[in-house]
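**Q**
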Ligand SMILES: Nc1ncnc2c1ncn2[C@@H]1O[C@H](COP(=O)(O)OP(=O)(O)O)[C@@H](O)[C@H]1O
Ligand SMILES: [Mg+2]
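Residue numbers (the working numbering): 23 to 264.
1. If you measure between the beta carbons of residue 66 and residue 233, is that distance less than 8 angstroms?
2. Spatial neighbours of residue 92 within its chain, please: CB distance less than 6 angstroms, with the 5 preceding and 5 following residues excluded, ordered by chain position.
3. In the structure shown, what three-state DSSP assignment does residue 212 receive?
4. For residue 163, collect the residues of the same chain with a Cβ closer than 7 angstroms to its Cβ; drop the 5 residues on either side in sequence, then sort them by chain order.
5. Within a Cβ cutoff of 8 angstroms, which residues of the same chain sit near residue 108, ignoring the five residues on either side of it in sequence?
6. Since I believe residue 68 is in contact with residue 43 (beta carbons under 8 angstroms), could you give me their beta-carbon distance rounded to a whole number of angstroms?
7. Decide if residue 140 is buried, meaning its Cβ has at least 16 other Cβ atoms within 10 Å, or exposed.
8. Excluding five sequence neighbours on each side, which residues of the same chain lie with their C-beta closer than 6 angstroms to the C-beta of residue 29?
9. Taking the alpha-carbon positions, what's the residue 217 to residue 188 distance?
10. I need the boundaries of the alpha helix (DSSP H) containing residue 110, first residue and last residue.
11. Threshold first: 3 residues or longer. Then list the beta strand (DSSP E) segments lying entirely within the segment 35 to 114, N to C.
12. Measuring straight from C-alpha to C-alpha, what distance separates residue 61 and residue 224?
13. Whole angstroms are fine: how far does the CA of residue 32 sit from the CA of residue 263?
14. Of all the CB atoms in chain B, is at least one closer than 8 angstroms to the CB of residue 175?
15. If you measure from each CB to the nearest heavy atom of ligand 1 and keep those under 6 angstroms, what residues do you get, in chain order?
16. Any idea which residues DSSP pairs residue 28 with across the strands?
17. Beta-carbon separation of residue 229 and residue 54 under 8 angstroms?
18. Quick check on residue 251: buried or exposed, where buried means 16 or more other Cβ atoms within 10 Å of its Cβ?
19. Measuring alpha carbon to alpha carbon, tell me which residue in 80, 72 and 115 is nearest residue 95.
20. For residue 45 and residue 193, what's the separation of their Cα atoms in angstroms?
21. Counting C-beta neighbours from all protein chains within 10 Å, is the total for residue 146 16 or more, i.e. buried, or is it exposed?
22. Can you find a heavy atom of ligand 2 that lies under 7 angstroms from the Cβ of residue 185?
23. Got a sec: does ligand 2 put a non-hydrogen atom nearer than 7 angstroms to the Cβ of residue 219?
24. Just verifying my parser: in three-state terms, what is the DSSP assignment at residue 150?
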């Protein structure tokens, strides 16, 4: 078993009367790909937002490489090696693709020339180098997803949080995305990926955790989780009629 990179303990997050995360605990080992699945509204993006530092937990702790980062600012976490993509793609539309990626690279290389070089290398890695000089607004939506990935990778993360990066892709594009996630892991990056569509994550992940209505309801291999009656009920909504 590899060393733990990230540990989430007893995390809760309330939005008014709604408990979006309810006592969630999970650990991620170095080099692992962890799948985080669950129906819409399960609390997956909320959990990502707390790991990345965009929102604070109502209670619970988060440690990264054994440092307590529960109260750390997003920038500090990014510097420590946590990067994320957003479910809704965010890019600086009027800036060129390479300049968008430089925004990430400048975290590690304050020298603009070096940052630009690093950005170009990442663009090659995500197979977007031919689009380096066009304004981001001109990218197709699958290209925009790869731009998001490139910007996150340019910060040289140890842990990459992918929030539904395959959503809306055609099967061919999704296969390309799966291949890219494999190469990201091979490069030494630990990955937590949220996907709503199980078929996409299952072949990729080492382990899966399932959230439903803010609670962690199952955890295990892809096969264990897909055969778990609690998970089947959550996906098919049986529990809601019980
Ligand atoms: N900023 C917010 N304010 C109020 N409610 C929120 C906010 N963010 C998320 N929620 C609610 O928390 C629940 C979990 O949302 P989310 O984490 O986005 O789920 P998922 O990503 O699994 O679809 C949902 O009911 C959602 O409406
Ligand atoms: Mg979400």
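The C-beta atom is built at its ideal place from N, Cα and C for all residues, glycine as well.
**A** Taking the geometry as given:
1. Residue numbering aside, residue 66 sits at position 44 when the chain shown is read from its first letter. Residue numbering aside, residue 233 sits at position 211 when the chain shown is read from its first letter. Taking 8 angstroms as the Cβ cut-off, residue 66 and residue 233 qualify as a contacting pair.
2. In the chain shown, counting from the first residue as 1, residue 92 sits at position 70. These residues qualify, in order along the chain: 83 and 84.
3. Looking up residue 212 in the chain shown gives position 190. Strand.
4. Locating residue 163 in the chain shown gives position 141, counting from the first residue. If we look at residue 163 and ignore the five residues flanking it on each side, its Cβ neighbours are 190.
5. Translated into positions along the chain shown, residue 108 becomes position 86. Cβ within range, chain order: 170 and 185.
6. In the chain shown, residue 43 corresponds to position 21, counting from 1. In the chain shown, residue 68 corresponds to position 46, counting from 1. Between residue 43 and residue 68, the beta carbon gap of about 5 angstroms places them in contact (Cβ cut-off 8 angstroms).
7. Here the question's residue 140 lines up with position 118 in the chain shown. So residue 140 counts as buried.
8. Against the chain shown, residue 29 aligns to sequence position 7. For residue 29, same chain residues with a beta-carbon under 6 angstroms away, outside a window of 5 residues either side, are 49 and 85 in chain order.
9. Here residue 217 is taken as the residue at index 195 of the chain shown, counted from 1. Here residue 188 is taken as the residue at index 166 of the chain shown, counted from 1. Their backbone Cα atoms lie some 7 angstroms apart in a straight line.
10. Within the chain shown, the letter at position 88 stands for residue 110. Neither: residue 110 is in no alpha helix (DSSP H) and is coded neither H nor E.
11. You should have 40 to 51, 55 to 59, 81 to 86 and 104 to 106.
12. For the purposes of this step, residue 61 is identified with residue 39 of the chain shown, where counting begins at 1. For the purposes of this step, residue 224 is identified with residue 202 of the chain shown, where counting begins at 1. As the crow flies, the alpha-carbon of residue 61 is around 15 angstroms from that of residue 224.
13. What you label residue 263 is simply residue 241 of the chain shown in a count that begins at 1. What you label residue 32 is simply residue 10 of the chain shown in a count that begins at 1. Legend: pLDDT at residue 263 = 49, less than 50; position of this residue unreliable, value from coordinates given subsequently. Inter-residue distance for residue 263 and residue 32 is about 28 angstroms (C-alpha atoms, whole angstroms).
14. In summary, chain B is missing from the structure at hand, where a single protein chain is found.
15. So the residues near ligand 1 by this Cβ test are 37, 40, 42, 60, 62, 63, 64, 65, 66, 67 and 68.
16. Translated into the one-based positions of the chain shown, residue 28 becomes position 6. Looking at the DSSP output, residue 28 shares a beta bridge with 50 and 86.
17. Against the chain shown, residue 229 aligns to sequence position 207. Against the chain shown, residue 54 aligns to sequence position 32. Yes. Within cutoff.
18. Within the chain shown, the letter at position 229 stands for residue 251. So residue 251 counts as exposed.
19. On the chain shown, position 73 is the one that residue 95 refers to. Considering only alpha carbons, the answer is 72.
20. The residue given as residue 45 occupies position 23 in the chain shown. The residue given as residue 193 occupies position 171 in the chain shown. Going from the Cα of residue 45 to the Cα of residue 193 covers about 35 angstroms.
21. Within the chain shown, the letter at position 124 stands for residue 146. By the neighbour-count rule (16 or more Cβ atoms within 10 Å), residue 146 is not buried but exposed.
22. Position 163 of the chain shown, counting from 1, holds the residue named residue 185. For ligand 2, at least one heavy atom lies less than 7 angstroms from the Cβ of residue 185.
23. Walking along the chain shown from the start, residue 219 turns up at place 197. Taking 7 angstroms as the cut-off, one finds no heavy atom of ligand 2 near enough to the beta carbon of residue 219.
24. Residue numbering aside, residue 150 sits at position 128 when the chain shown is read from its first letter. In the three-state reduction of the DSSP assignment, residue 150 falls in the coil class.
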